[in-house]
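To start, the structure itself, in structure tokens.
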Amino acid sequence: MSSLDMLEYRPTDDEPFMNPRQREYFRHKLERWKEEILRESRETLESLQEESQNHPDMADRASSESDRALELRTRDRQRKLIAKIDAALKRIEDGTYGYCEETGDPIGIARLDARPIATLSLEAQESHERREKVYRDE
């Protein structure tokens, strides 16, 4: 399937779940997302290298350091996101993509389209979050 076909195609619940076309759609979506994150990371590195200048004013230096720390935390979250994207791509390869890790049920096209790295169905995710909240509140 060409890239143009992938841009025009939208999976629906009316077709067989995780058919080859849907798997290719999600593979393409995940790969584009990963490429975008990597591009942003390269731009951040270049920006941080350019900005590594001495600021004579303490307020400017503090502001710059605060911006740098925030950017590095963001990049760390994105590094973890890339690991999740890679895991999703691996699940596409082994045929488990799109199925809930807890129940084995289909996750659902709408949820996967909104969050292609999802590993739990909406119901399992909500149950997980309720359990997590109970443990936090204790």
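Residue numbers (this note's numbering): 4 to 141. Even glycine gets a Cβ: it sits at the ideal position worked out from N, Cα and C.
According to DSSP, which residues form a beta bridge with Tyr102?
Pro109
What's the call for Gly101, buried or exposed, on a 16-neighbour Cβ count within 10 Å?
buried
Any heavy atom of the ligand MN closer than 7 Å to the CB of Ser67?
For the structure depicted, the ligand MN is absent and the ligand set is empty, with no information on it obtainable.
Run the CB neighbour count on Ala121, radius 10 Å, all protein chains shown included, and call it buried at 16 or more, exposed below.
Using a 10 angstroms sphere on the CB of Ala121, the tally of other CB atoms reaches 16 or more, which defines it as buried.
Going by Cα to Cα distance, which pick from Glu129, Lys136, Asp60, Pro119 is closest to Asp27?
The question names Asp, but residue 27 is Glu in the sequence shown. Closest by C-alpha distance to Glu27, out of Glu129, Lys136, Asp60, Pro119, is Pro119.
Do you know whose CA, among Val137, Asp70, Leu33, lies nearest Asp89's CA?
Leu33
Of the choices Arg82, Met61, Pro59, Ser69, whose alpha-carbon is the least far from that of Glu43?
Arg82
Taking 8 Å as the threshold (C-beta atoms), are Ala65 and Cys103 in contact?
no
Which of the three DSSP states is assigned to Thr15 in this structure?
coil
To the nearest angstrom, report how far apart Gly107 and Arg71 are at their CA atoms.
42 Å
What is the rounded straight-line gap between the Cα of Leu78 and the Cα of Glu46?
Sequence inspection shows Arg at residue 78; the Leu mentioned does not correspond to that position. Arg78 and Glu46 have their C-alpha atoms roughly 11 Å apart.
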